[in-house]
Ligand code: NAD
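In my numbering, the protein residues as written are 713 to 1089.
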């Protein structure tokens, strides 16, 4: 029997992405799989139904059939409990599945509903940070988009132009942009701010980030605050000690007051975002400056950030955007889809799906228990 992959329309209000774009569908249908797409699923990312049909998908009205009749459902955002309850017993779900920070899987109603139906739920945010899995990593692909867009948001809200200009109406000094957290989003923000002509500086607690920051033509700030062991397993940062935090805060305070744009991207997996920019620091900045806090969803790197809102303090705008990647829906979906196709290719060989908890990648992503496959005798 042919495996059926289902793509429902995202239902979250601000979500414009789709988990599979027509090019991804084509790869799967050429590989002998059946793909069922809810009509309109790609519309908000500018992928029309006709393009899915051309790629070999079957279009269906409404999400019910997609949920009920697919062997594997692929999705961007975690499903609602009602959606999870529509899945067939023993189906597989591939999506972002993280609940509230710190919430245990057995206290999460969505995961509980999926487990009760024997669904193999594979969380895309848990793809391990190993070279082999890089092309499956939606956190990286979507952070790339968010880091880029954060600079554009800042540029459009700032009171100044970014590049240095020498004109008949006088010379303008370039804007100064400071990027906090030089992971995937931060590095993309550095590159984008540089392309727009700003003078860019950055800070990260991981010593390894220094060289990457410098290779993009930005200055590394507060290097003396970094501990050699600040990089934890998997390339992520560990939380700073109180002493480290204090030293960092002093150095950053001295720097932030001269910045026109601050983009913060600092995260520590599974924890609330570290507080790095205090309200007092914001008050030292010039009116007309802008802070874009990419960590707004997990509590914010700036003390004044309110998720989904823009506040103003002494003429400084503090923007806490949500779902920034979704505001660039076409390319964000294209990259997300490439990641999803690679995950499916990892799970499906010769038309047969294997969810093996002992596999390094599958096991890391699996958030519900499924029995290990029995090896042939
Ligand atoms: P992330 O989103 O978890 O965090 C963003 C950045 O914030 C990180 O660079 C982190 O070090 C930094 N940070 C944490 N606390 C901070 C603080 N108090 N002050 C300043 N900065 C702070 O991280 P990410 O962007 O996903 O990537 C982290 C690292 O993992 C990078 O080196 C990246 O290249 C690597 N990575 C590897 C793979 C892979 O091998 N498959 C995939 C993705 C990322």
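In this text, a Cβ means the ideal position worked out from N, Cα and C, and glycines have one as well.
Can you check whether the CB of residue j is closer than 9 Å to the CB of residue i?
i, j, result
"residue 994", "residue 1031", "no"
"residue 730", "residue 721", "yes"
"residue 768", "residue 738", "yes"
"residue 874", "residue 889", "yes"
"residue 853", "residue 1029", "no"
"residue 807", "residue 786", "yes"
"residue 833", "residue 1053", "no"
"residue 991", "residue 1024", "no"
"residue 788", "residue 718", "no"
"residue 996", "residue 968", "yes"
Starting from the C-beta of residue i, find all residues in its chain whose C-beta is less than 6 Å away, skip the five residues before and the five after it, and write them out in chain order.
i, result
"residue 897", "855, 858, 859, 977, 1006"
"residue 796", "822, 825, 826"
"residue 872", "887, 972"
"residue 963", "934, 937"
"residue 901", "859, 862, 863, 891, 975"
Cutting at 8 Å between CB atoms, please list the residues of its own chain near residue i, excluding the five before and the five after it.
i, result
"residue 780", "798, 799, 800"
"residue 1065", "715, 783, 784, 804, 1059"
"residue 1042", "757, 758, 759"
"residue 790", "807, 808, 809, 810, 811, 822"
"residue 951", "980, 983, 986"
Quick test of your reading: residue i and residue j, contact by CB under 8 Å. State the CB separation rounded to the nearest angstrom.
i, j, result
"residue 924", "residue 965", "Rounded, the Cβ-Cβ distance is 24 Å, inconsistent with contact."
"residue 835", "residue 851", "Actually they are not in contact, since the Cβ atoms of residue 835 and residue 851 sit about 11 Å apart, beyond 8 Å."
"residue 838", "residue 1077", "5 Å"
Under 7 Å Cβ to Cβ from residue i, same chain only, skipping five residues before and after it: list those, please.
i, result
"residue 985", "978, 979, 1007, 1010, 1011, 1012, 1013"
"residue 1021", "1032"
"residue 909", "874, 875, 876, 886"
"residue 1038", "726, 727, 728, 729, 1044"
"residue 988", "892, 964, 976, 978, 1013"
Are any of the Cβ atoms in chain D nearer than 9 Å to that of residue i?
i, result
"residue 808", "Protein chains in the displayed structure number just one, and chain D is not present."
Every unbroken alpha helix (DSSP H) within the stretch 1012-1071, with a cutoff of 4 residues, ordered by chain:
1041-1059
Pairs of beta-carbons, one from the stretch 801-821 and one from the stretch 737-753, closer than 8 Å: are there three or more?
no
Using 8 Å as the threshold, is the stretch 890-908 in touch with the stretch 860-873, meaning 3 or more CB pairs across them?
yes
Three or more C-beta pairs under 8 Å: does that hold for the stretch 827-841 against the stretch 790-809?
yes
Could you say if the stretch 1038-1049 and the stretch 751-766 meet the contact criterion of at least three C-beta pairs nearer than 8 Å?
yes
Going residue by residue through the stretch 852-919, where are the continuous alpha helix (DSSP H) segments of at least 4 residues, counting only ones entirely within it?
896-907
For the stretch 792-845, list the alpha helix (DSSP H) runs that are entirely contained and at least 4 residues long, ordered along the chain.
793-796, 821-828
Could you tell me which uninterrupted alpha helix (DSSP H) segments, each at least 4 residues in length, are contained entirely in the stretch 970-1000, listed from first to last along the chain?
991-995
Report the start-end ranges of each beta strand (DSSP E) in the stretch 738-802 that is 3 residues or longer and not cut off at the edges.
746-750, 770-772, 784-786
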